[in-house]
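Below you'll find the structure, written out as structure tokens, and then a few comments.
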Amino acid sequence: NITSGGSDTIYTTPTITLADNGERFRCIVKNDAGADTSKNALLTVNAQAPMITAQPTNQTVTEGSPATFSIQATLSPTYQWYKNDTLIANATTASYTTPATTMADSGARFKCVAAHSGFSATSNNVTLTVKMAVPVITKQPVSPTTVIEGATAIFSITATGTNLSYQWHKNGVSIDGANAASYTTPSVALGDNNAKFHCIVSNGGGSVTSSDALLIVNTAAPVIVTNPSNTAVIEGNTATFTVSASGSSL
1201 NITSGGSDTI YTTPTITLAD NGERFRCIVK NDAGADTSKN ALLTVNAQAP MITAQPTNQT
1261 VTEGSPATFS IQATLSPTYQ WYKNDTLIAN ATTASYTTPA TTMADSGARF KCVAAHSGFS
1321 ATSNNVTLTV KMAVPVITKQ PVSPTTVIEG ATAIFSITAT GTNLSYQWHK NGVSIDGANA
1381 ASYTTPSVAL GDNNAKFHCI VSNGGGSVTS SDALLIVNTA APVIVTNPSN TAVIEGNTAT
1441 FTVSASGSSL
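In the working numbering, the protein residues as written are 1201 to 1450.
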């Protein structure tokens, strides 16, 4: 029985759902002389496709970060997200968050299909743009680095990031050809003592500068190159002995 709104020659149902399919309606007409009952009228409810009321939007993130896409649709449908037209496993809600992105994900296209009772609606394709992250230096050059004059010094760093390039500097001046994570100096002299070295690491996302590494050059011990020779003289004369040596401040 209809408890309200059904006492006129016309009856309008509330908003119907698929659960109302197959319901039967009839009307009983009464007066003082008696009553008569109409035939049953069958209600058939046809399903309709959901409507997407809010489309997903293009997203831009930095590599290593996730991206989130979302839609809104009528009729409480089921959802399935796709990446480059390939079904994404377990991406079955109105919002989808990617795993941590890489540069390879840049340009990927995402869409969602909303389905209801055999009908579906497909969202717009949207694009993911991934920006390259600024490099991160995870290990700084050792400071101070101490060597003996005439030796070489090695400075190195460790950095993370994509498509990294390196440029070493000595006392603020770029060193030609010093374009790797490690730099080996030429043989150092005492004049190189207290020189400062740093490295700039760059990629498409930006650049980062290492801390300064101080070079300490110590004086090397002298080395005798030529020893004195045995010498014979007549008594009353002098004898001369000569050596030659290499080194600083001898």
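For every residue, glycine included, the Cβ atom is placed at its ideal position computed from N, Cα and C. This one's a predicted model, so the numbers in the text were calculated from it and none came from an experiment.
Of the candidates S1449, S1295 and T1431, T1431 places its Cα closest to the Cα of T1442. A check of alpha carbon separations from T1346 across A1395, S1382 and A1333 identifies A1395 as the nearest.
In the DSSP secondary-structure assignment, Q1272 is bridged to A1254. The segment 1356-1364 makes no contact with the segment 1282-1299: fewer than 3 CB pairs, one atom from each, lie closer than 8 Å.
Where G1234 is concerned, the enclosing beta strand (DSSP E) starts and stops at G1234 to T1237. D1305 and L1328 have their C-alpha atoms some 7 Å from each other. Look at L1415 here: in three-state DSSP terms it is strand. Comparing C-alpha distances from S1343 to each of L1415, S1270 and E1223 shows the shortest one belongs to L1415.
The segment 1305-1374 contains, as complete beta strand (DSSP E) runs of 3+ residues, the segments 1309-1316, 1319-1322, 1326-1331, 1336-1339, 1345-1348, 1354-1356, 1358-1360 and 1365-1370 (chain order). For A1445, the three-state secondary structure derived from DSSP is strand. A Cβ-Cβ contact shorter than 8 Å links A1321 with A1249. By the C-beta criterion, the segment 1271-1280 is judged not to be in contact with the segment 1329-1338, since fewer than 3 inter-stretch pairs fall below 8 Å. DSSP places G1391 in the helix class (H, G or I) of the three-state scheme. No Cβ-Cβ contact shorter than 8 Å links T1419 with P1386.
Per the coordinates, the alpha-carbon of N1437 lies some 60 Å from the alpha-carbon of D1376. Taking the Cα of H1398 as reference, the smallest distance to any Cα among A1291, A1381, M1303 and G1406 is reached at A1381. Our two residues, L1243 and T1217, have alpha carbons roughly 11 Å apart in a direct line. With respect to the 8 Å criterion, P1277 and N1324 are not classified as neighbours on the basis of their beta carbons. Rounded to the nearest whole angstrom, the CA to CA distance from G1350 to V1388 is 5 Å. If you ignore the 5 residues before and after G1447, its C-beta comes within less than 8 Å of the C-beta of T1419, A1420, A1421, P1422 and V1423, all in its own chain and listed in chain order. Per DSSP, G1405 is not a residue of any beta strand (DSSP E), being assigned neither H nor E. Within the DSSP secondary-structure output, V1425 pairs in no beta bridge. Sequence-distant Cβ neighbours of E1223 in its own chain, meaning closer than 7 Å and more than five residues away, are L1243. Ranked by how close their Cα comes to the Cα of M1303, the residues T1297, V1330, A1294 and D1220 have V1330 in first place.
Sorting T1440, P1214 and L1390 by C-alpha distance to the C-alpha of N1427 places T1440 at the top. Distances from the CA of Y1282 to each of G1264, A1308 and V1401 were compared; the closest alpha carbon is that of A1308.
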